[in-house]
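Student: Shown below is the structure under consideration.
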Amino acid sequence: VDIHDRRSDELRLQAMEERLRDMTERVPGLLFQQRLEKDGRLWHPYMGGALTQRLPDIEAIKLNALYLAEIVPTKDYAALQAALKSSVKNLSPYLVEYRVRLTDGQMIWLRAEARPHRVDDGAIVWNGYSAEITREKMAEQRVREITERLPGLVFQQRLEKDGRLSYPFIGGNLDVLKD
């Protein structure tokens, strides 16, 4: 093996690593790897993205995912736990929306999605991301406030691919129809 070729390969690898690090640290939101050990310990071998700069004590979160209970409201933390429990049981992806308190005290909404796989040592590893959805949640709230003032029912009806009808949104004020 030519020393020049080897050095060239090392430089290419180093450039790829730097590019990947730059991309993951600048991506809005959060990229993560979550690991559930056979002994039940849940931790994050990796967390990156712009959101890591805004979360309190990211190192504590990496070492012990239970620290999230300190910055996620109780109701939302229960939803996170339920999604994780179902994912473990079925080895299926999870998608969950929850609020988190940032370093500055601001509360924002996140949507986390992760896909699990079992590794050779028996642990379960999820690779996923969390995206901020605060604006979306604020818009949903505003739509609810507006539709609650309307007399009658407001709904969105969707015909699913399998032929079922679904109703992603139902709102309104039926009380005005009682008179």
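If you count by this note's numbering, then the sequence shown holds residues 78 to 256, one letter each, in order.
Note that CB positions come from ideal geometry on N, CA and C, so glycine has one too.
All values derive from a computational prediction rather than experimental measurement.
#1: According to DSSP, is residue 80 part of a helix, a strand, or is it coil?
#2: Between 238, 225, 143, 209, which lies nearest to residue 117 when the distance is taken from Cα to Cα?
#3: Residues bridged to residue 112 by DSSP?
#4: Report the residue from 91, 231, 146 whose alpha carbon sits nearest the alpha carbon of residue 158.
#5: May I ask which residues mark the beginning and end of the beta strand (DSSP E) holding residue 171?
#6: When DSSP builds the beta bridges, which residues end up paired with residue 250?
#7: Out of curiosity, what's the CA-to-CA distance linking residue 226 and residue 241?
#8: Between residue 119 and the rest of its own chain, which residues show a CB-CB distance below 6 angstroms, the 5 nearest in sequence each way excluded?
#9: Should residue 193 go down as buried or exposed, given a rule of 16 or more other Cβ atoms within 10 Å for buried?
Tutor: In terms of the structure at hand:
#1: helix
#2: 143
#3: 120, 202
#4: 146
#5: 171 to 178
#6: 228, 229
#7: 29 angstroms
#8: 113, 142
#9: buried
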